[in-house]
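Enquirer: Pasting a structure here, questions to come.
Number of protein chains: 2
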Amino acid sequence: MSTSSPRPTSRDVAKAAGVSQATVSLVLGDKWRGRVSPRTADAVRAAADRLGYRPNLAARSLRTGSTRTALLVVPALTSDFFAQVHLGAAEVAAEHDFGVVLYPSPEGIGPARDPFSSARAALDGVIASSMAAEALTGLQRGGLQGGGLPLVMLDSEPGSTPAAGTVNLAIADGIRQVADHLLGLGHRRVAHLAAAVPSWTFDERAASLTRALTDAGAPPPTRRAARLDVADGLRAALELLEAAPRPTAVVCDDDLLAAGAYKAARRLGLRVPEDVSVTGFDDLPLAVALEPELTTVRLPAREVGAAGMRALLAVLDGQDPGTAVLPVSLVRRGSCAPPPSG
Amino acid sequence: MSTSSPRPTSRDVAKAAGVSQATVSLVLGDKWRGRVSPRTADAVRAAADRLGYRPNLAARSLRTGSTRTALLVVPALTSDFFAQVHLGAAEVAAEHDFGVVLYPSPEGIGPARDPFSSARAALDGVIASSMAAEALTGLQRGGLQGGGLPLVMLDSEPGSTPAAGTVNLAIADGIRQVADHLLGLGHRRVAHLAAAVPSWTFDERAASLTRALTDAGAPPPTRRAARLDVADGLRAALELLEAAPRPTAVVCDDDLLAAGAYKAARRLGLRVPEDVSVTGFDDLPLAVALEPELTTVRLPAREVGAAGMRALLAVLDGQDPGTAVLPVSLVRRGSCAPPPSG
DNA sequence: GGCAGCACGTTATACGTAACACCTGGAGGG
DNA sequence: CCCTCCAGGTGTTACGTATAACGTGCTGCC
Numbered sequence: 001m002s003t004s005s006p007r008p009t010s011r012d013v014a015k016a017a018g019v020s021q022a023t024v025s026l027v028l029g030d031k032w033r034g035r036v037s038p039r040t041a042d043a044v045r046a047a048a049d050r051l052g053y054r055p056n057l058a059a060r061s062l063r064t065g066s067t068r069t070a071l072l073v074v075p076a077l078t079s080d081f082f083a084q085v086h087l088g089a090a091e092v093a094a095e096h097d098f099g100v101v102l103y104p105s106p107e108g109i110g111p112a113r114d115p116f117s118s119a120r121a122a123l124d125g126v127i128a129s130s131m132a133a134e135a136l137t138g139l140q141r142g143g144l145q146g147g148g149l150p151l152v153m154l155d156s157e158p159g160s161t162p163a164a165g166t167v168n169l170a171i172a173d174g175i176r177q178v179a180d181h182l183l184g185l186g187h188r189r190v191a192h193l194a195a196a197v198p199s200w201t202f203d204e205r206a207a208s209l210t211r212a213l214t215d216a217g218a219p220p221p222t223r224r225a226a227r228l229d230v231a232d233g234l235r236a237a238l239e240l241l242e243a244a245p246r247p248t249a250v251v252c253d254d255d256l257l258a259a260g261a262y263k264a265a266r267r268l269g270l271r272v273p274e275d276v277s278v279t280g281f282d283d284l285p286l287a288v289a290l291e292p293e294l295t296t297v298r299l300p301a302r303e304v305g306a307a308g309m310r311a312l313l314a315v316l317d318g319q320d321p322g323t324a325v326l327p328v329s330l331v332r333r334g335s336c337a338p339p340p341s342g
Numbered sequence: 001m002s003t004s005s006p007r008p009t010s011r012d013v014a015k016a017a018g019v020s021q022a023t024v025s026l027v028l029g030d031k032w033r034g035r036v037s038p039r040t041a042d043a044v045r046a047a048a049d050r051l052g053y054r055p056n057l058a059a060r061s062l063r064t065g066s067t068r069t070a071l072l073v074v075p076a077l078t079s080d081f082f083a084q085v086h087l088g089a090a091e092v093a094a095e096h097d098f099g100v101v102l103y104p105s106p107e108g109i110g111p112a113r114d115p116f117s118s119a120r121a122a123l124d125g126v127i128a129s130s131m132a133a134e135a136l137t138g139l140q141r142g143g144l145q146g147g148g149l150p151l152v153m154l155d156s157e158p159g160s161t162p163a164a165g166t167v168n169l170a171i172a173d174g175i176r177q178v179a180d181h182l183l184g185l186g187h188r189r190v191a192h193l194a195a196a197v198p199s200w201t202f203d204e205r206a207a208s209l210t211r212a213l214t215d216a217g218a219p220p221p222t223r224r225a226a227r228l229d230v231a232d233g234l235r236a237a238l239e240l241l242e243a244a245p246r247p248t249a250v251v252c253d254d255d256l257l258a259a260g261a262y263k264a265a266r267r268l269g270l271r272v273p274e275d276v277s278v279t280g281f282d283d284l285p286l287a288v289a290l291e292p293e294l295t296t297v298r299l300p301a302r303e304v305g306a307a308g309m310r311a312l313l314a315v316l317d318g319q320d321p322g323t324a325v326l327p328v329s330l331v332r333r334g335s336c337a338p339p340p341s342g
């Protein structure tokens with residue numbers, strides 16, 4: 001063993017296999033069919049293996065102009081939802097020999113910094129959640145590849161962004177399933193614990209709920225907005241539940257807010273679901289930790305990530321992925337019951 | 001405006017500023033003092049600005065052999081704890097013009113795949129949680145930069161790995177605080193709901209708890225292991241709480257497991273904390289969503305990430321960061337009370 | 001007045017890869 | 001017997017950057 005070898009290059013492999021560097025590139029790039037004999041190809045692969053050769057990605061990127069890497073812009077990493085989105089995207093990416101780098105937009109790393117200082121690698125494209133919109137403007141300003149990086153939006157208002165592709169969730173349908181469930185149980189006074197986050201997905205939840213209720217002849221929901229944490233959810237839920245007449249059900253924009261609603265109910269001496277029904281959104285792990293377990297809307301987070309990555313790959317391939325809409329489903333657990341009589 | 005310009009290079013900037021490419025490199029690389037006049041430097045910067053120049057990172061990496069990028073290996077993204085670790089690491093990295101790329105080790109992206117297919121960029125170093133140990137072996141095998149990438153371990157048994165640096169949590173102290181709290185309240189029959197994850201941090205929790213109890217003259221804890229989710233925590237907690245004599249307190253290795261313990265207690269008709277005290281570990285957002293709010297051990301997740309990054313930077317700078325140990329603190333909430341008399 | 005030396009740059013090169021254009025020896029056709 | 005053609009490669013270049021090595025004119029000093 002010599003002193004820690006300085007990492008073999010394709011030329012080293014070529015020398016070891018008795019061929020030229022060009023041949024090594026052809027063989028390992030899987031472009032050799034009809035241009036290199038199988039015997040030689042095997043020899044090259046054997047030599048590469050023996051030397052433990054790994055291509056220098058910087059050199060490759062420099063040469064090809066592509067990095068086979070996508071940036072995934074999410075509002076924060078502190079969410080199981082986006083963890084799953086990332087997983088889905090990474091899986092599809094891996095199948096296509098692509099990589100995914102995360103950029104968690106807001107807190108901590110200030111918006112003042114260049115988003116790309118985080119993802120130092122050059123990028124081929126961007127997948128962005130609409131919840132991280134403010135980071136996106138920085139992205140476009142930062143420009144990177146001369147300004148126009150292919151962009152796929154997740155859960156964004158159709159046509160509102162200059163994205164090359166969009167992957168949406170059937171939010172309206174999910175809310176309608178919630179509303180139908182509650183209406184079917186007999187509820188009519190429904191409150192809406194909304195997320196105070198400027199994003200299409202939450203605007204859509206609010207609009208859909210109002211529509212679903214009024215379509216059924218029920219009054220529109222009372223509404224309070226809260227930041228996406230338990231404490232602020234508690235505060236806002238208290239306001240909703242202390243109104244007269246008291247709502248018999250609280251529809252929450254997020255499971256975290258629903259946890260706040262649980263606490264509010266308990267503080268007011270109300271039982272869930274006997275005195276007040278509660279629904280969530282997202283089906284986080286938290287949903288089954290609560291007592292009673294939370295009836296919520298499950299979002300196919302992994303599929304969102306996977307579809308986003310597929311859309312981006314399509315764009316890079318010159319196609320138009322258009323807008324995909326993924327179905328969501330109501331998960332009925334123990335947090336809803338008929339309203340108390342009277 | 002010409003048709004979407006093909007992205008300016010340093011040579012374009014040079015032409016625009018009327019200097020050579022080398023000068024551009026010097027100025028923008030901030031190495032011009034004493035070698036380029038301030039006037040020229042300003043002109044270069046102005047030209048770069050005007051053209052919207054961004055250096056090609058692939059070319060830079062190829063030239064310098066460094067990417068200013070670290071890989072952060074975590075067991076899964078589905079954890080608020082590691083989300084915070086990432087945040088802390090990214091902050092420190094940004095201060096030093098470094099980037100951080102995440103590699104979530106297990107599920108989904110199979111261990112068979114090369115860890116670096118995810119982080120396509122070449123790397124300067126690795127920060128790894130001990131919980132992702134199996135991915136690490138793949139890392140070492142994959143080798144990348146000829147095998148020996150600087151490595152910093154998080155929460156790993158001192159001296160067990162060939163890491164150049166280590167950042168640990170004062171786990172033993174945290175457990176002792178929990179134990180002292182419970183002992184002070186009068187508990188003596190304590191159960192341990194352990195995490196079924198092969199990692200030093202959990203081994204340490206178990207050993208420390210046993211030590212703390214026996215040191216105080218109490219019997220060692222009964223113990224069950226569970227996977228890190230609510231459902232399996234529930235299962236194991238039921239086993240613990242159905243034993244006779246029933247333990248009066250359950251110490252959990254993780255807040256998620258504590259949520260399982262809550263459910264087990266409720267299922268057995270036991271109240272928390274009147275009939276059984278419960279403690280968690282990690283202080284996840286979940287901890288305050290539970291009723292009663294969970295007494296748990298807060299880990300300085302962000303500081304762990306920050307310290308890990310600092311240690312890695314020190315290693316890259318040729319120094320020896322040694323082992324840092326970060327303090328943890330008990331957060332007293334409503335889930336502990338004196339044991340029921342009798 | 002000549003020469004050292006500095007201030008201010010420039011020229012040239014290498015990093016490792018991919019891919020285009022070219023070469024060569026032998027088989028097969030006329 | 002010569003020409004063509006193809007399989008099976010090779011030589012060369014460029015990607016954009018950082019940096020070592022090398023000019024040049026001017027100032028000041030003896």
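Which chain is which? The protein sequence lines are X and C, in order. Each residue of the first sequence is one higher than the one before, starting from 1 at the first, in our numbering. Each residue of the second sequence is one higher than the one before, starting from 1 at the first, in our numbering. Built from N, CA and C at the ideal position, the CB exists for glycine as well. Note that this is a predicted model, so its numbers are computed, not measured.
1. What residues are listed by DSSP as bridge partners for ARG224/X?
2. For the pair the region 25-42 of chain X and the region 65-81 of chain X, tell me if three or more CB-CB distances fall below 8 Å.
3. Just how far apart, CA to CA, sit GLU95/C and GLU157/C?
4. Does any residue of chain C have a CB that is nearer than 8 Å to the CB of ASP173/X?
5. Compile a chain-ordered list of the residues in the region 206-233 of chain C whose CB is closer than 8 Å to at least one CB of chain X.
6. Please state whether DSSP places TYR262/C in a helix, a strand or coil.
7. I'd like to know whether the C-beta atoms of ARG302/X and LEU87/X end up nearer to each other than 8 Å.
8. Along the region 261-279 of chain X, where does the CB come closer than 9 Å to a CB of chain C? Name the residues.
9. Is the Cβ of VAL101/X closer than 8 Å to any Cβ of chain C?
10. State the CB to CB distance for the pair VAL325/X and ASN168/X, rounded to an integer number of angstroms; the pair is presumed to be in contact (CB under 8 Å).
11. Does the CB of SER129/C have a neighbour CB from chain X at under 8 Å?
12. Quick one, which residues of the region 283-294 of chain C are near chain X if we go by CB-CB under 8 Å, in chain order?
13. Buried or exposed: where does SER10/X fall if 16 or more other Cβ atoms within 10 Å of its Cβ makes it buried?
14. Can you find a C-beta in chain C that's less than 8 Å from the C-beta of ALA14/X?
15. Any beta carbon of chain C sitting closer than 8 Å to that of ALA58/X?
16. Across the region 170-183 of chain C and the region 318-335 of chain C, are there enough close Cβ pairs to call them in contact, namely three or more that are closer than 8 Å?
17. For ALA128/C versus LEU151/C, is the C-beta distance shorter than 8 Å?
18. Is the shortest distance between the beta-carbon of SER25/X and the beta-carbons of chain C less than 8 Å?
19. For THR64/C, name the three-state secondary structure that DSSP assigns.
20. For ILE171/C, which residues does DSSP report across the bridge?
21. Measure how close the beta-carbons of ALA89/X and ALA47/X come, nearest whole angstrom, since I'm counting them as under 8 Å.
22. Just verifying my parser: in three-state terms, what is the DSSP assignment at THR9/X?
23. LYS263/X: buried (16+ other C-beta within 10 angstroms of its C-beta) or exposed?
24. For chain C, is any of its Cβ atoms less than 8 Å away from the one on GLY143/X?
25. Roughly how many whole angstroms lie between the Cα atoms of ALA265/C and LEU240/C?
26. Would you check if the region 212-227 of chain X and the region 173-192 of chain X touch, i.e. whether three or more CB-CB distances between them fall below 8 Å?
27. Is the number of C-beta pairs between the region 236-253 of chain X and the region 268-284 of chain X that are closer than 8 Å three or more?
Expert: In brief:
1. LEU193/X
2. no
3. 29 Å
4. no
5. ASP229, VAL230, ALA231
6. helix
7. yes
8. TYR262, LYS263, ARG266
9. yes
10. 5 Å
11. no
12. PRO285, LEU286, VAL288, ALA289, LEU290, GLU291
13. buried
14. no
15. yes
16. yes
17. yes
18. no
19. helix
20. Bridge partners of ILE171/C: none, in fact.
21. Wrong, their Cβ atoms sit about 35 Å apart, outside the cutoff.
22. coil
23. buried
24. Unreliable placement is indicated for GLY143/X, whose pLDDT of 40 sits below 50; the coordinate value is still reported in the next sentence. So, interface residue.
25. 10 Å
26. yes
27. yes
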